[in-house]
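**Student:** Let me give you the structure first, and then I'll get to my questions.
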Amino acid sequence: MSALFVFLLRVFAFVAGLVMAASLAVAAALGLVAWLLHAGWARLTGRPARVDLRFFRGGFVPRRHPAPVYVPSGLPRRGHRPDVSDVDPK
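When you line the sequence shown up against this note's numbering, it's residues 185 to 274, in that order.
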């Protein structure tokens, strides 16, 4: 009887480990999807995708001097193409 109990306990522990591993994999996949959506939206809008962890240190207290908006110089924004012309098909 004790051998059956030990076997069932091991099976239960193994299944619990599989459930835990699957839940961690799902959480990692959701995090990856969220980051890819964020990076894709940043690429579409032309804004840089970066994480600024200093934002969370202040809590709800506003900063004295807000940081200037980052705009890359010399690079056109995505979607801005003034030199495009229509071409007639042959």
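Virtual Cβ for every residue (Gly too), placed ideally from N, Cα, C.
Which value, in whole angstroms, describes the spacing of the CA atoms of L192 and V203?
**Tutor:** In the sequence shown, the residue the question calls residue 192 occupies position 8. In the sequence shown, the residue the question calls residue 203 occupies position 19. The alpha-carbon atoms of L192 and V203 are separated by roughly 16 Å.
**Student:** Using 8 Å as the threshold, is the C-beta distance between H222 and A233 below it?
**Tutor:** Counting from 1 along the sequence shown, the entry for residue 222 is found at position 38. Counting from 1 along the sequence shown, the entry for residue 233 is found at position 49. Yes, Cβ-Cβ distance for H222 and A233 is below 8 Å.
**Student:** In the DSSP assignment, find the alpha helix (DSSP H) that holds G224 and state where it starts and stops.
**Tutor:** Within the sequence shown, residue 224 is the residue found at index 40, counting from 1. Taken as a continuous stretch (DSSP letters only), the alpha helix (DSSP H) holding G224 covers S186 to T229.
**Student:** Measuring only the C-alpha atoms, how far is R211 from W225?
**Tutor:** Walking along the sequence shown from the start, residue 211 turns up at place 27. Walking along the sequence shown from the start, residue 225 turns up at place 41. Note on residue identity: the sequence assigns Ala, not Arg, to residue 211. Roughly 21 Å separates the two Cα atoms.
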